[in-house]
Each structure stands twice: as C-alpha cells, then as structure tokens.
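Colleague: My structure is below; once you've seen it, I'll send some questions.
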Amino acid sequence: MTARSLSGWIPLKCAADRTPRELEENMKILQLCVGMVGTNCYIFYDENTMEGAVVDPGDNGPAIVNAAKEHGVKITWVLLTHGHFDHILGVKDVLRETGAKLAIHEDDLWMLTPEALSASLRRFGLPSTAYEGIKPDILAKEGTQIQVGGLTVTWLHTPGHTPGSSCLRVGDVLFTGDTLFRHECGRCDLEGGDFSLMLKSLKRLHDLPGDMHVLPGHEGASTLEEERRMNPYMRQAVGK
Numbered sequence: 001m002t003a004r005s006l007s008g009w010i011p012l013k014c015a016a017d018r019t020p021r022e023l024e025e026n027m028k029i030l031q032l033c034v035g036m037v038g039t040n041c042y043i044f045y046d047e048n049t050m051e052g053a054v055v056d057p058g059d060n061g062p063a064i065v066n067a068a069k070e071h072g073v074k075i076t077w078v079l080l081t082h083g084h085f086d087h088i089l090g091v092k093d094v095l096r097e098t099g100a101k102l103a104i105h106e107d108d109l110w111m112l113t114p115e116a117l118s119a120s121l122r123r124f125g126l127p128s129t130a131y132e133g134i135k136p137d138i139l140a141k142e143g144t145q146i147q148v149g150g151l152t153v154t155w156l157h158t159p160g161h162t163p164g165s166s167c168l169r170v171g172d173v174l175f176t177g178d179t180l181f182r183h184e185c186g187r188c189d190l191e192g193g194d195f196s197l198m199l200k201s202l203k204r205l206h207d208l209p210g211d212m213h214v215l216p217g218h219e220g221a222s223t224l225e226e227e228r229r230m231n232p233y234m235r236q237a238v239g240k
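At position 200 of the sequence shown (counting the first as 1) the number is 200 in UniProt numbering, and the numbers step up by one without a gap.
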C-alpha cells in the first residue's frame, strides 16, 4: 500500500513486534501492524500493575485485544494521536472487549462522527460502510495527563497533520502518530491540515530537552536526536 507524504508517494511499512520492548523503566511496549495502510498500533503497559493502554487501534480490534490478553495486560485506556480512519477503525472493538476509556484531543472530536469517517474513507477510494460515531471519555488538551498504572501519559498538542494531532509522552518515549515519522512528517494537504502549524509542531519537538524514543504511526522507529540531524522538515522548522 502507499500513502502520500510531503515528498511524494512512499511505501508504508510497519512491522508487528509482539516481543515486549522495555524502552522506559517498568514500561513494556508491544507493536502491531494493523489495517489497510499499515498503521503502527502500540500497546504499552506498566509491568508492575499490568495495566496498559492502546495507542491508535487503526483496525483489527480483536487481534489487538488478543495480543494484550496473551501478555496478561488489562487495557484501561485507548489513546488516539488523531482522528483519521487508519488510526481509529479498531476503537469500537477494543472498547467493547476491554471496557477501557477513550481519549483524543478536543480539536479532533469532529473526526469521530459517522459523516467525517465515511468522508475520509471515500477520499481514499475505500468502502464507506456505515459507522457509528465514537464518544470519547476525555477530550484532551495541551498538558492533559492520564495515568496508566504507574505510568504518566502527557498530551503534547502538535497540530499540522490534523487540528488535534498530538504526541503522547511517557517518560522518554514519544508516540508521534502522523506528526513525526522517521526522516519525514505527516502530510498536510487533507482537511484540517496546515503546513505552517506542522513546522511549529516540529520545532517544538526539536526543542524538547534530551533524547527520546520516537514511535510513529507509520514506518520505523527513530530517536529525537536522529530526527534533529536527519529530518529535512524538522531542520526546516528550526531554520537549518
């Protein structure tokens, strides 16, 4: 499958990694490749309490739930980096099977309506099946914090790809959705996209102190330090 990036049509890649990775103390991460355009869905959990969250269940909800069960993880939250269809089609299944709560930035709430979801699917030439709307439990803002066991998730509002696009920080791990990819950034030519805001968001990420693990919504993982050096859009954002 392919998707549009700022530099043209690029292949989308993602790889399932059901071996838990420990990138932060007491935090384990599973990665699944889901949906028709290859979205990275992450399950992270506190290995002390075994409470966990799903980031961007883009499709294949039952497989996501089964992966959590295989590792003894109790899913308490579903966290959305933004509202595009390839990041939310599995939400209903995960919520139904786990009883978890749902959070998304308030500026992307409009994307969870049946009308917006159907329009998004049609725009990509995909079947526009009737979908029910999705109602979040929390409408996040800049700085919103959510506890997942002993782990603290902090909302960083990074608009550009969509009005409510956000990065989710857990210690030194940054789930970047479609804001920041490895050596790329998300497209800004869809409804609600704004390249000038994207540059401001990339500068903000560039200016975060220290290094972090970057886990994006598509393609492979990176680090913030690598992106500072190698990402042409981040370099443009800081005038290099």
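Built from N, CA and C at the ideal position, the CB exists for glycine as well.
In terms of DSSP beta bridges, what is CYS188 paired with?
Modeller: BP columns for CYS188 are empty, so no partner.
Colleague: Using only alpha-carbon positions, find the residue among ILE134, ILE146, HIS161 that is nearest to ARG96.
Modeller: Ranking ILE134, ILE146, HIS161 by Cα distance to ARG96 puts ILE134 first.
Colleague: Based on the DSSP secondary-structure assignment, which residues constitute the bridge partners of SER222?
Modeller: DSSP, once it has assigned bridges, lists VAL214 as partnering SER222.
Colleague: If SER196 and THR81 are in contact, beta carbons under 8 Å, what's the gap, nearest whole angstrom?
Modeller: Contact doesn't hold; Cβ gap of about 20 Å is too wide.
Colleague: Looking only at its own chain, which residues have a Cβ that is under 7 Å from the Cβ of residue 243, when we skip the five neighbours before and after it?
Modeller: Any property of residue 243 remains undetermined from this structure, which presents the chain solely from 1 to 240.
Colleague: Would you kindly report the start and end of the unbroken alpha helix (DSSP H) that includes HIS206?
Modeller: 195-206 is the span of the alpha helix (DSSP H), which, as asked, contains HIS206.
Colleague: Looking at the structure shown, is SER120 part of a helix, part of a strand, or coil, going by DSSP?
Modeller: The answer is helix: DSSP assigns SER120 an H, G or I state.
Colleague: Is the distance from the Cβ of THR179 to the Cβ of SER201 below 8 Å?
Modeller: Against a cut-off of 8 Å, the Cβ pair of SER201 and THR179 comes out as a contact.
Colleague: In its own chain, which residues sit with a C-beta less than 7 Å from the C-beta of THR113, not counting the 5 before and 5 after it?
Modeller: Excluding sequence neighbours, THR113 sits near GLY133.
Colleague: Any idea if VAL238 is buried or exposed, counting beta-carbon neighbours within 10 angstroms, 16 or more meaning buried?
Modeller: Classification of VAL238: exposed, given that the 10 Å Cβ count is below 16.
Colleague: Check PRO20 in the structure and name its three-state DSSP category.
Modeller: The answer is strand: DSSP assigns PRO20 an E or B state.
Colleague: What residue range is occupied by the uninterrupted beta strand (DSSP E) comprising GLU51?
Modeller: GLU51 -> beta strand (DSSP E) spans 51-55.
Colleague: When we look at the beta-carbon of LYS240 and count the other beta-carbons within 10 Å, is it buried (16 or more) or exposed?
Modeller: Classification for LYS240: exposed.
Colleague: Suppose the cutoff is 8 Å on Cβ atoms and the five residues either side in sequence are ignored; what does the same chain contact list for ILE64 look like?
Modeller: For ILE64, where only same-chain residues beyond five positions count, the Cβ hits under 8 Å are LEU32, VAL34, CYS41, ILE43, VAL54, PRO57, GLY90, ASP93, VAL94.
Colleague: Tell me, to the nearest whole angstrom, how far the beta carbon of LEU139 is from that of TRP155; I am working on the premise that it is less than 8 Å.
Modeller: Actually they do not touch by this definition, with Cβ atoms about 10 Å apart.
Colleague: Which residue or residues does DSSP assign as beta-bridge partners of LYS28?
Modeller: In DSSP, LYS28 forms a bridge with TYR45.
Colleague: Please work out which residues of its chain come closer than 6 Å, Cβ to Cβ, to ARG4, disregarding the five sequence neighbours upstream and downstream, and give them in chain order.
Modeller: Low confidence applies here, because ARG4 scores a pLDDT of 30, under 50, leaving its location unreliable and the question unanswered by this model.
Colleague: Kindly list the residues whose CB is nearer than 8 Å to the CB of GLY72, restricted to its own chain and excluding five residues on each side of it in sequence; keep chain order.
Modeller: MET50.
Colleague: Give the DSSP-derived three-state secondary structure of THR98 in the structure shown.
Modeller: Three-state DSSP puts THR98 in a helix.
Colleague: If I follow the unbroken alpha helix (DSSP H) through GLY61, where does it start and stop?
Modeller: Here the alpha helix (DSSP H) through GLY61 covers 61-70.
Colleague: HIS183: which of VAL153, ASP194, VAL214 sits nearest, CA to CA?
Modeller: The candidate whose alpha carbon is nearest that of HIS183 is VAL214.
Colleague: PRO20 to ALA67, Cα distance in whole Å?
Modeller: Cα to Cα, PRO20 sits roughly 11 Å from ALA67.
Colleague: Give the straight-line distance between the Cα atoms of VAL173 and GLY210, rounded to the nearest whole angstrom.
Modeller: Near 12 Å, if we compare the C-alpha coordinates of GLY210 and VAL173.
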